[in-house]
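Notes follow the structure.
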Amino acid sequence: MMWLAVVFAVLGAVSNAVGTAFQRKAASTVEQGGGIRLLAALVRRPAWSIGIAGVVGAAVFQALALVNGPMALVQPLFILELPFALLLAVPLMHRRLSAEGWWAVGAVVAGLAVLLASAAPSGSREQASMARWIPVLVLTLGAMAVAFLLARAASSPLFRAAALASAAAVGNALTAALLKSATGRLADSGLPAFLTAWQTYGFALTGVLSLLLLENALQAGPLVASQPALTIGDAAVSLLLGVALFDESIRTGWWLLPEAIGALLILWAVVRLTRVVPHLVDVVR
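In structure tokens form, the structure reads like this:
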């Protein structure tokens, strides 16, 4: 049911907002290192454990949302993570949100409403054939590898953060697709089918990889570089995967104009919000 998908997706965005905020706080305390060394350092920090709990909760809500609705609807709703993170942080720090911040929050919500109302995502099936999965896996994993290599070769913190966040965004979208397929098997055939499906182990692996890429992106550079790539990239790739794998559809033709307006409004608002969040975080330290 679509309304259940929306409810669970919004709850997932809230949980993810909590998780991302605490992960960023933990990552900012690690001065050097990357990859496995970064993860080993983060495990010893309580803030990171709280962040992981938020991420796990988000994954549960995401699975419930994907069982009840198309990826093209569920994943864009996770864009609400950033304004939720800001709105949660403000009362905790006894701060007031500036007028610019409120306008940006409203713009994210308005842009998302315009985008989803115009696109009207519909249609979905829970499984895809290997003839569809193989090229999707090659392209998405290849794109993640290229983005990672570009980040390693770059000297600019802005570029490194954006490249790593882009890789994490593709990984998040691929994880969502694998999760949708695995939970579909769980709903249709029970736990044995879920535990024997390759998609179950696929989403576990890509989920961990995406998390590691996200941790490195948060450490590599400022939020203004990583968050737009992560937010918009996840939604865009998820939409493409929903169409390619699960026969989901969105409205085209002249509807592409308001869809583009909604997407641009979201992008503008996300960039503005990333300029507000760092100042609020700095007050806590």
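For the sequence shown, position 97 (counting from the first letter as 1) is numbered 97 according to the numbering used here, and the numbering increases by one without interruption.
Where a beta carbon is used, it is the ideal one built from N, C-alpha and C, also for glycine.
Environment of residue i [buried if 16+ CB atoms lie within 10 Å]
i	result
Trp-3	exposed
Ile-134	exposed
Pro-76	buried
Asp-234	buried
Val-74	buried
Trp-198	exposed
Val-138	exposed
Thr-206	buried
Leu-116	buried
Trp-103	exposed
Met-71	buried
Pro-286	Because the chain here runs from 1 to 285, residue 286 falls outside it and cannot be looked at.
Thr-349	An answer regarding residue 349 cannot be provided, because it is not within the stretch 1 to 285 covered by the chain.
Met-144	buried
Ser-238	buried
Leu-301	Lying before the first or after the last residue shown, residue 301 is absent from the chain, which here runs from 1 to 285.
Ser-129	exposed
Leu-149	exposed
Gly-253	exposed
Ala-220	buried
Ser-156	exposed
Gly-19	buried
Leu-264	exposed
Own chain partners of residue i with C-beta closer than 7 Å, once the 5 adjacent residues on each side are dropped
i	result
Asn-16	Gly-54, Val-55, Ala-58, Phe-78 and Glu-81
Thr-183	Ala-63, Leu-66 and Val-67
Val-14	Phe-84
Ile-261	Val-114
Arg-125	Phe-246 and Asp-247
Trp-268	Ala-107
Ile-50	Phe-22
Val-154	According to the sequence displayed, residue 154 carries Ala and not Val. Excluding positions up to five away in sequence, the list reads Arg-160 and Ala-163.
Ala-244	Arg-132 and Val-136
Glu-259	Leu-115, Ser-118 and Ala-119
Gly-12	Ala-58, Phe-61, Gln-62, Ala-65 and Phe-78
Gly-202	Leu-178
Thr-287	Residue 287 cannot be examined here, being either before or after the span of the chain that is shown, 1 to 285.
Gln-127	Ser-181 and Gly-184
Arg-251	Ser-118, Ala-119 and Ala-120
Ala-204	none
Sequence-distant residues of the same chain with beta carbon closer than 6 Å to residue i, five excluded per side
i	result
Phe-8	Phe-61, Leu-64 and Ala-65
Trp-255	Ser-118
Gly-69	Met-2 and Ala-5
Leu-241	Ala-173 and Ala-177
Asp-282	Annotation note: pLDDT 45 at Asp-282 (below 50); position unreliable, no value reported.
Val-271	Pro-228
Arg-285	Residue placement at Arg-285 is flagged as unreliable, the pLDDT there being 38, under the threshold of 50; the coordinate-derived value follows with that caveat. Closer than 6 Å at Cβ, skipping near neighbours: no residue.
Ala-225	Leu-158, Ala-161 and Ala-162
Ala-193	Arg-185
Phe-151	Sequence inspection shows Ala at residue 151; the Phe mentioned does not correspond to that position. Counting only Cβ-Cβ distances below 6 Å, and skipping sequence neighbours, we find Arg-160, Ala-163 and Leu-164.
Ile-52	none
Cross-strand partners of residue i (DSSP beta bridge)
i	result
Ser-122	Ser-249
Sequence-distant residues of its chain with Cβ nearer than 8 Å to residue i (five each side left out)
i	result
Val-10	Leu-77 and Leu-80
Ala-294	What is shown of the chain runs 1 to 285, which leaves residue 294 out entirely.
Contact with chain C by residue i, beta-carbon distance below 8 Å
i	result
Leu-257	Of the protein chains in this structure there is only one, and it is not chain C.
Three-pair Cβ contact test at 8 Å for the stretch 229-236 versus the stretch 182-193 | The stretch 229-236 vs the stretch 182-193: no contact.
Report yes or no: do the stretch 157-172 and the stretch 99-114 share at least 3 C-beta pairs separated by less than 8 Å?
-> At 8 Å Cβ cutoff, the stretches do not touch.
Do three or more CB pairs link the stretch 170-181 to the stretch 205-215 at distances below 8 Å?
-> Segments in contact, yes.
What are the uninterrupted segments assigned as alpha helix (DSSP H) that are 4 or more residues long and contained completely in the stretch 146-217, given in chain order?
-> For the stretch 146-217, the full-length alpha helix (DSSP H) segments reaching 4 residues or more read 157-189 and 191-196 along the chain.
Whole alpha helix (DSSP H) runs in the stretch 55-82 with 4 or more residues, listed along the chain?
-> The qualifying runs are 71-77.
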